[in-house]
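First comes the structure, then the notes that go with it.
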Amino acid sequence: MRQFINGPGMLLFVAMLWTAVATTERPGLAMQRGQAVQAAEAFRIIGNIYWVGGEYGSYLITTPQGHILLDTGTSEMHDVIVSNVRTLGFKVEDIKIMLSSHAHFDHVQGHAAMKKLTGAQVVALGADAEALEAGKDNSAGGFPGLLAVHVDRVIKDGDTVSLGGATLRALWTPGHTQGATVWMTSVQEGGRTYTVAFRGGEIPNDGVPLFGNPRHPRVIEDTRMTLQKLKALQPPDLFLHNHHQNLGRSLSPALPVNPLCDTCMDAKAFTEMVARSEQNFAKNVREAEAKK
Numbered sequence: 239m240r241q242f243i244n245g246p247g248m249l250l251f252v253a254m255l256w257t258a259v260a261t262t263e264r265p266g267l268a269m270q271r272g273q274a275v276q277a278a279e280a281f282r283i284i285g286n287i288y289w290v291g292g293e294y295g296s297y298l299i300t301t302p303q304g305h306i307l308l309d310t311g312t313s314e315m316h317d318v319i320v321s322n323v324r325t326l327g328f329k330v331e332d333i334k335i336m337l338s339s340h341a342h343f344d345h346v347q348g349h350a351a352m353k354k355l356t357g358a359q360v361v362a363l364g365a366d367a368e369a370l371e372a373g374k375d376n377s378a379g380g381f382p383g384l385l386a387v388h389v390d391r392v393i394k395d396g397d398t399v400s401l402g403g404a405t406l407r408a409l410w411t412p413g414h415t416q417g418a419t420v421w422m423t424s425v426q427e428g429g430r431t432y433t434v435a436f437r438g439g440e441i442p443n444d445g446v447p448l449f450g451n452p453r454h455p456r457v458i459e460d461t462r463m464t465l466q467k468l469k470a471l472q473p474p475d476l477f478l479h480n481h482h483q484n485l486g487r488s489l490s491p492a493l494p495v496n497p498l499c500d501t502c503m504d505a506k507a508f509t510e511m512v513a514r515s516e517q518n519f520a521k522n523v524r525e526a527e528a529k530k
């Protein structure tokens with residue numbers, strides 16, 4: 239197990255990845271849906287937060303009263319997550335709560351199997367809770383691959399989830415899906431308190447219909463609201479994404495480099511990410527308007 243960030247003088251990394259999946263079935267998407275997901279080494283990020291994912295992100299927030307799991311990836315990732323949790327020295331059966339960044343198959347398809355194994359309470363926001371219950375993607379893209387799972391608690395913007403001294407606050411960021419959620423928390427490390435945000439997904443996938451979309455009629459308005467909300471947010475100390483590519487590595491050569499991580503971001507990364515998302519979405523809207 240690598241301890242990726244440690245000590246009072248640590249340098250925080252920022253995990254960056256753009257989640258983009260085309261609307262039409264293509265070889266890459268088909269391969270994602272059926273692939274045997276490559277295992278990735280589990281490691282502690284900061285405080286009580288651990289990476290336990292594989293091809294797609296999954297985070298374990300540990301507490302003395304049980305654990306919180308954020309995202310379960312695809313069905314093929316189930317064994318990867320179980321193995322990673324155990325490798326870290328925790329019991330997967332102690333997972334009490336399951337959260338999600340957004341209800342696309344590559345992030346929540348594994349919920350059903352994990353709930354069956356652990357009996358954990360599934361918590362989701364608004365329309366994403368509906369998608370999980372129905373096993374049907376209701377985002378603007380309408381991608382196949384969701385598996386139905388019972389949602390034990392449906393939350394709204396600003397609600398909190400607490401367990402064993404850990405509290406996460408839900409920030410509703412519709413656009414990528416109707417119930418996409420940035421989860422905010424704080425952790426202690428080296429005598430300091432750090433704010434941590436887990437990315438939800440802010441803009442629709444490239445190529446999805448933006449005008450007259452029956453699955454998400456207000457996708458343009460909702461996405462613009464999300465971007466304004468994120469611009470007004472105090473940038474977190476650490477911003478964690480939901481895919482492994484470009485996770486970011488320590489800026490210090492004295493600390494070990496995880497092979498999954500190959501880029502470094504500074505404190506402006508969150509603000510720059512929001513600005514890029516806003517620019518990309520404006521471009522997509524202009525192109526969609528030109529085709530009307």
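When we follow this note's numbering, the leftmost residue of the sequence shown carries the number 239, and every step to the right adds one.
For each residue, glycine too, the CB sits at the ideal point set by N, CA and C.
In this text the structure is predicted, and so the values were computed from the model without any measurement.
Span separating the alpha-carbon of residue i from that of residue j
{"i": "G397", "j": "Q359", "result": "Strictly speaking, residue 397 in this sequence is Asp, with Gly absent from that position. Those two C-alpha atoms are separated by around 16 Å."}
{"i": "P473", "j": "G383", "result": "33 Å"}
{"i": "E516", "j": "K469", "result": "10 Å"}
{"i": "F519", "j": "M463", "result": "12 Å"}
{"i": "T509", "j": "Q466", "result": "12 Å"}
{"i": "I333", "j": "A526", "result": "43 Å"}
{"i": "G292", "j": "K521", "result": "32 Å"}
{"i": "N451", "j": "H305", "result": "38 Å"}
{"i": "G445", "j": "G379", "result": "8 Å"}
{"i": "S488", "j": "A528", "result": "The pLDDT assigned to S488 is 35, lower than 50, so where the model puts this residue is not dependable; a value taken from the coordinates is nonetheless given after this. Their Cα atoms are separated by approximately 43 Å."}
{"i": "R264", "j": "W289", "result": "Legend: pLDDT at R264 = 36, less than 50; position of this residue unreliable, no value from coordinates given."}
{"i": "T356", "j": "L307", "result": "11 Å"}
{"i": "F449", "j": "Q347", "result": "28 Å"}
{"i": "P447", "j": "K329", "result": "43 Å"}
{"i": "N480", "j": "Y294", "result": "6 Å"}
{"i": "V323", "j": "K530", "result": "49 Å"}
{"i": "I287", "j": "V392", "result": "24 Å"}
Member of the options whose CA lies at the smallest distance from the CA of residue i
{"i": "S296", "options": "V387, P382, Q303 and D317", "result": "D317"}
{"i": "K218", "options": "K506, L401 and R407", "result": "In the structure as shown, the chain starts at 239 and stops at 530, and residue 218 therefore has no counterpart that could be examined."}
{"i": "M422", "options": "F477, L363, V290 and F449", "result": "F477"}
{"i": "A507", "options": "R437, V523, P447 and F449", "result": "R437"}
{"i": "A369", "options": "T356, L355, G357 and H345", "result": "H345"}
{"i": "D366", "options": "H340, E331 and H349", "result": "H340"}
{"i": "E331", "options": "H342, N376 and T300", "result": "T300"}
{"i": "A513", "options": "L471, G364, D475 and G327", "result": "L471"}
{"i": "D375", "options": "Q416, V523, G311 and M336", "result": "Q416"}
Buried or exposed by the 16-neighbour rule on C-beta atoms within 10 Å, applied to residue i
{"i": "T431", "result": "exposed"}
{"i": "M503", "result": "Its pLDDT being 39, under 50, M503 is placed unreliably in this model, and the coordinates cannot settle the point."}
{"i": "P442", "result": "buried"}
{"i": "T405", "result": "exposed"}
{"i": "E440", "result": "buried"}
{"i": "K353", "result": "buried"}
{"i": "E459", "result": "exposed"}
{"i": "P455", "result": "exposed"}
{"i": "G413", "result": "buried"}
{"i": "P497", "result": "At P497 the pLDDT is 37, less than 50, meaning the model places this residue with poor confidence and gives no usable figure here."}
One or two residues paired with residue i in a DSSP bridge
{"i": "I393", "result": "L363"}
{"i": "S400", "result": "T405"}
{"i": "T419", "result": "W410"}
{"i": "Q347", "result": "None; Q347 has no bridge partner."}
{"i": "M336", "result": "L307 and V360"}
{"i": "I299", "result": "I287 and I306"}
{"i": "H481", "result": "Y294"}
{"i": "S424", "result": "T433"}
Own chain partners of residue i with C-beta closer than 8 Å, once the 5 adjacent residues on each side are dropped
{"i": "G556", "result": "The shown model of the chain, from 239 to 530, leaves out residue 556, and the question about it has no answer."}
Cutoff 7 Å; reference residue i; Cβ partners in own chain excluding five residues on either side
{"i": "G285", "result": "V425, Q426 and E427"}
{"i": "Q303", "result": "L401 and G402"}
{"i": "A351", "result": "S313 and H316"}
Neighbourhood of residue i by C-beta distance below 6 Å, restricted to the same chain and skipping five residues each side
{"i": "M511", "result": "none"}
{"i": "V389", "result": "V360, A362, A367, L370 and E371"}
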